[in-house]
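**Student:**
Numbering (this note's numbering), first residue to last: 649 to 793.
Rendered as structure tokens:
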């Protein structure tokens with residue numbers, strides 16, 4: 649699977665809340681800078697716990713769309729940057745519809761038969777410097793987005 653295909657494969661896995669399919673995208677020693685705490689996490693087990701919490705917070709399916717995917721690969725290393733739109737309904741009835749920025753670093757590990765794996769992932773939302781509030785209503789193509 650190419651780095652592009654790996655990133656795109658996560659859309660269906662999120663919609664199905666397929667924990668195993670998502671975890672297969674990550675290296676055992678992945679470093680994670682997620683949009684929600686903590687500041688830094690490491691390892692596939694940390695990603696498993698985060699995904700379980702995320703999936704469990706939604707009563708609906710989680711819809712995920714990827715936009716502006718740009719992948720640069722050379723040899724056994726690749727970097728991907730993209731925007732993703734998350735939509736769904738949380739357990740408390742809150743409707744979520746927000747854009748998130750993401751950058752992923754990938755490494756090819758064909759020796760173990762694993763192909764490309766995410767070794768570093770950083771996801772974030774911009775914030776208002778004056779108020780400190782997350783700007784979750786920004787969208788691509790808008791004046792502020």
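All C-beta atoms, glycine included, are put in the ideal place defined by N, C-alpha and C.
Tell me whether residue 781 is buried or exposed, calling it buried when 16 or more other Cβ atoms sit within 10 Å of its Cβ.
**Tutor:** Exposed.
**Student:** Roughly how many angstroms lie between the CA atoms of residue 658 and residue 720, to the nearest whole one?
**Tutor:** 18 Å
**Student:** I need the DSSP call for residue 693, collapsed to helix, strand or coil.
**Tutor:** helix
**Student:** Any idea what DSSP makes of residue 723, helix, strand or coil?
**Tutor:** coil
**Student:** Leaving out the 5 sequence neighbours to the left and right, which residues in its chain are closer than 7 Å to residue 734 when beta-carbon positions are compared?
**Tutor:** Beyond the five residues adjoining it in sequence on each side, residue 734 comes within less than 7 Å, by CB distance, of 710, 712, 744, 746 and 748 in the same chain, given in chain order.
**Student:** Looking at the unbroken alpha helix (DSSP H) that takes in residue 667, where does it start and where does it end?
**Tutor:** 667-671
**Student:** Within a Cβ cutoff of 6 Å, which residues of the same chain sit near residue 665, ignoring the five residues on either side of it in sequence?
**Tutor:** The answer, listed in chain order, is 703.
**Student:** Tell me which residues share the same chain as residue 774 and place their Cβ nearer than 8 Å to its Cβ, disregarding the 5 neighbours each side in the sequence.
**Tutor:** Closer than 8 Å at the Cβ level, and outside the excluded window around residue 774, lie 749, 782, 783 and 786.
**Student:** Starting from residue 751, trace the alpha helix (DSSP H) in both directions and tell me its first and last residue.
**Tutor:** For residue 751, no alpha helix (DSSP H) run applies; the uninterrupted beta strand (DSSP E) run containing it begins and ends at 743-757, by DSSP.
**Student:** Grouping DSSP H, G and I as helix and E and B as strand, with all else coil, what is residue 773?
**Tutor:** coil
**Student:** Mind checking which residues open and close the beta strand (DSSP E) that includes residue 675?
**Tutor:** Counting along the chain, the beta strand (DSSP E) containing residue 675 begins and ends at 674-681.
**Student:** Does the beta-carbon distance from residue 764 to residue 705 come in below 8 Å?
**Tutor:** no
**Student:** By alpha-carbon positions, which one of 768, 779, 715 and 728 ends up nearest to residue 789?
**Tutor:** 715
**Student:** Using only CA atoms, which one of 771, 741 and 724 lies nearest to residue 650?
**Tutor:** 724
**Student:** Going by Cα to Cα distance, which pick from 699, 682 and 683 is closest to residue 672?
**Tutor:** 699
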